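Numbering (my numbering), first residue to last: 224 to 351.
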């Protein structure tokens with residue numbers, strides 16, 4: 224009986240040691256995951272900075288191209304208005320209005336081309 228009691232006591236000690244080791248192993252694993260995260264942090268930081276620069280460049284290019292397109296469409300519209308006005312001045316009369324209602328009065332509407340705001344939450348980059 225005494226031998227069984229000693230074995231039971233030794234088993235309980237081993238179970239207690241196992242619980243302590245499991246707890247330590249959990250903390251070591253957590254610390255290791257933190258080190259893995261920290262090891263990758265500089266690479267991710269550089270990639271993030273590069274992506275912000277790329278997005279800012281693209282945003283400037285989009286703005287520039289949109290402005291150029293808006294000017295081009297404005298010139299097209301101006302040319303079309305001039306053509307219509309010339310045509311109307313040559314052919315406007317009551318007969319024209321009765322044959323083609325609206326042909327002598329409607330002009331193309333002004334066109335607005337714009338890009339809504341986006342990427343407004345990107346962190347600003349300081350130039351050193």
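Glycine is no exception: its CB is placed at the ideal position from the N, C-alpha and C atoms.
Predicted model only: the values in this text are computed from it and were never measured.
Span of the alpha helix (DSSP H) holding residue 286?
-> Position 63 of the chain shown, counting from 1, holds the residue named residue 286. Note, residue 286: alpha helix (DSSP H), 225 to 314.
Are the stretch 272 to 282 and the stretch 340 to 347 touching, with three or more C-beta to C-beta distances below 8 Å?
-> yes
For residue 384, the nearest candidate out of 300, 323, 234 (CA to CA) | Since the first residue of the chain shown is 224 and the last is 351, residue 384 is not available in this structure.
Neighbourhood of residue 315 by C-beta distance below 7 Å, restricted to the same chain and skipping five residues each side = For this step, residue 315 is matched to residue 92 along the chain shown. Cβ within range, chain order: 327.
Alpha carbon to alpha carbon, how far is residue 254 from residue 248? Give it in angstroms, no decimals.
-> In the chain shown, residue 248 corresponds to position 25, counting from 1. In the chain shown, residue 254 corresponds to position 31, counting from 1. C-alpha separation (whole angstroms): 10 Å.
Measure the C-alpha to C-alpha separation of residue 239 and residue 229 and round it to an integer number of angstroms.
-> Residue mapping note: residue 239 aligns to position 16 of the chain shown, counting from 1. Residue mapping note: residue 229 aligns to position 6 of the chain shown, counting from 1. Using only the alpha carbons, I get a separation of about 15 Å.
How would you call residue 351, buried or exposed, if buried means at least 16 neighbouring beta carbons within 10 angstroms?
-> Against the chain shown, residue 351 aligns to sequence position 128. Any reading at residue 351 needs caution, since the residue's pLDDT is 41, under 50, leaving its predicted position unreliable; the model's value is listed next. Per the 10 Å Cβ criterion, exposed.
Given residue 288, which residues of its chain have a CB within under 7 Å of its CB, disregarding the five upstream and five downstream residues?
-> Along the chain shown, read from residue 1 onward, the residue named residue 288 stands at position 65. Excluding positions up to five away in sequence, the list is empty.
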